[in-house]
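Counting with mature numbering (1 follows the signal peptide of the UniProt record, and there is no 0), you get residues -28 to -1, 1 to 510 for the letters of the sequence shown. Positions of the beta carbon are idealized from the N, C-alpha and C atoms, including for glycine.
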Amino acid sequence: MHTCRTWGLRALTLHVTLTAALLSGVTALQLSEAESSRTQSKPGPDFRKVPGSKPKLHPHPLSFQVEDGRKLQLTQNIRRGMGLEPAVFANGITRWSTQLAAFQHVQDVLDGVQHDIFVTRKAVKRRVQKQLKEVGVAESKACALGKRSLDEDYRLSYFAGLARAARILKKQYGWKHLSTVYWSGADSSSGCGQTANQRENALSILQAQKNADVILVDASQLKAVMNELPDTRIIVVDTFESGSLHPVLMAPDTALGIPRIIGVLKPHSLTPIDRNNGPRLGNVSHLAFLPGAKEMAGFHDSSPVHMTPAMLDKPILSLNHAIRFRYFMDCGGNPDHARFAGFFAQHEDHWPSMPLKARPYDILHLPSSATAGSANFSAAKALKAHVQRLEAHLHYIRVIFPGLTVSTGAVDMTPSATVFISPYGQGEWTDLDFQAVMCGCLVIKPGAESFKAYPNVLEPGQMGLSVRADWVDLKEAVQSTLQDLEWAQFTALRATRRFLEMSDMRRYAADVDLALSQMLGFVPKPEPSEDPLKIVSS
């Protein structure tokens, strides 16, 4: 948390636009004609843990657009997303999702958002048209808000969090005259619409931002925005699923070395950040840590663009994973995220957590089929070998400790597991890592000291455990954890509380304010010796 400060800047004209590349649309958040002097910033409340205290978080508002001509049955969708059908395992353990059926929090959510849910698309469209008039954006084809309002694209969730934070930035931090515009048909490769009308509409909206001082844009849209707005400074929202920098930032024509690219916002990153100058497999660096990576096709000894210290100073960790889970309806009501609605409730009864010593499963891990994804051939081979090596070590551990209960399972089983072992995938982190944290598991991650996430709830030795990428020290990590469940419980609880605290939107807005202020030069950036990644909230 940063303290209150007065900016003391005179005659400052600031105009910022946030654009997000989505499969169905591009969202723009515009900040224009800021006050000649920034008002005194008012950060949110300090949630630093005081022994015996509990963070007081407000219920989260949920809102989204509905389908044409009918009301959306939120109750049905939430129940479907949470999997609230009775099911019992062979050993008599009732499914965790069945327990959720009794949570009063579900009804609390429903009662609190009726006025936001039961609206027609026509009403939503009319409201957006009014916003577009206020910012002078062409209205033709620009009002398709809600065309795919239930889009579960993970990139949308990061921008939805920024959009929520913008409301607080407008009211409390002096970022005045905020408004939001939408257009449909975004294409990640071209940055414009997929049809002639959509392309014309997207280009007209981009041209309407030509007076902007700064544009925040998804990395996949970077080339298009640079072409259409050649004189505008840019902050890149890097939603790349790996901690490595997005490939477009490593290209010569759009690299971080270009002066008008003044910063990069990321949800997770390598540490130190100059690991991006090291070996890579495919487009990412974390797979190069795997045994045998150098012998695989697609391995690169160095990046095509050498990252100078000035370039490596631009990334800031400021895209919040906790916000994505708390406001899951903003990105389409992802069913896996909907299961965790009770975690963010104020009352403990909404989220019962079994003590680690009472959990029926000692170890839960991801199977090899869960890591392949859409990786290129070499990366897919590396990932498969990585997980198969994990399974071999787990088999060895079970031989040594015959009573150990090990399972490969999905999110339903996570609340019943003591240890969650998470191998690499397309990125270093997965949603399942954060789900395991919310369920109170102790997370073991290979090479965790080489990465950081925001919030950084898997810091080795503090909130989780790190092992080698070849798993040779996995037995010692598992044995020490299961022999000292009191320490494991304390460590897991610390990570869980941290994740809950960092889901507070007021706190996140303060972090976004500081990140943007550092990039725009309103406040100095910390020295690399303090934190090479400049994590706003560690």
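Quick one: using the 10 Å Cβ neighbour count with 16 as the cut-off for buried, is residue i buried or exposed?
i	result
Glu421	exposed
Gly433	exposed
Leu291	buried
Ser452	exposed
Glu458	exposed
Ser274	exposed
Gly441	In the sequence on display, residue 441 carries Ala and not Gly. Under this definition Ala441 is a buried residue.
Phe462	exposed
Thr280	exposed
Gln360	exposed
Pro324	exposed
Lys286	buried
Asp456	exposed
Gly493	exposed
Ile140	buried
residue 512	No answer is possible for residue 512: it lies beyond the span of the chain, which begins at -28 and ends at 510.
Gly146	buried
Ile65	The predicted position of Ile65 is uncertain, since its pLDDT is 32 and thus under 50; no value can be drawn from it.
Gly254	buried
Pro496	exposed
Val450	buried
Closest to residue i by CA distance: which of the options is it?
i	options	result
Lys417	Asn428, Met410, Trp401 and Pro427	Trp401
Ser216	Gln398, Leu355 and Phe471	Gln398
Ala487	Asn169, Ile288 and Ala223	Ile288
Leu131	Val484, Ala265, Met474 and Leu492	Checking the displayed sequence, the identity of residue 131 turns out to be Phe instead of Leu. Considering only alpha carbons, the answer is Val484.
Asp203	Glu213, Leu178, Ile369 and His293	Leu178
Ala317	Val439, Gln193 and Ser475	Ser475
Arg478	Ala425, Lys143 and Leu284	Lys143
Asn183	Glu200, Asn173 and Lys286	Glu200
Ile335	Leu376, Asp456 and Trp147	Leu376
Leu454	Ala389, Asp403 and Val495	Ala389
Thr472	Ile295, Arg139 and Leu430	According to the sequence displayed, residue 472 carries Leu and not Thr. Checking every option, the nearest Cα to that of Leu472 belongs to Ile295.
Met385	Met435, Gly419 and Pro332	Pro332
Leu237	Ala425, Pro496, Val495 and Val444	Ala425
Leu404	Leu430, Met283 and Gly419	Leu430
Arg466	Asp285, Ala482, Arg139 and Val409	Val409
Ala357	Ser192, Met268 and Arg469	Met268
Thr211	Lys329, His240, Phe312 and Lys195	His240
Lys329	Arg311, Met283 and Ala460	Ala460
Ile245	Gly264, Leu128, Ala282 and Gly270	Ala282
Ala464	Ser489, Met435, Asp445 and Gln490	Met435
Leu242	Leu284, Gly270 and Phe271	Leu284
Is residue j closer than 7 Å to residue i when the C-beta atoms are compared?
i	j	result
Val415	Phe392	yes
Cys411	Pro387	yes
Pro327	Thr380	no
Val220	Asp190	no
Val369	Lys266	Before going further, note that residue 369 is Ile rather than Val in the sequence given. Result no, Cβ atoms of Ile369 and Lys266 do not sit closer than 7 Å.
Ala260	Arg247	no
Phe373	His293	no
Met354	Leu262	For the sequence presented, residue 354 should be read as Ala rather than Met. Yes. Within cutoff.
Val277	Met198	no
Tyr396	Ala137	no
Gly235	Ile207	yes
His309	Phe315	no
Val256	Ser214	yes
May I ask you to list the residues that DSSP assigns as paired with residue i?
i	result
Ile416	Ile393 and Leu437
Leu237	Val209 and Ile288
Asp190	Val209
Tyr299	The partner list for Tyr299 (beta bridge, DSSP) is empty, contrary to what the question assumes.
Thr380	His337
Ala425	His240
Phe271	Leu253
Pro307	None, per the DSSP bridge assignment.
Pro432	Gly436
Examine the ligand MG and report whether any of its heavy atoms sits within less than 6 Å of the Cβ of residue i.
i	result
Leu488	The ligand MG is not part of the structure shown, which contains no ligands of any sort.
Counting pairs of beta carbons, one from the stretch 228 to 237 and one from the stretch 358 to 378, are three or more of them closer than 8 Å?
no
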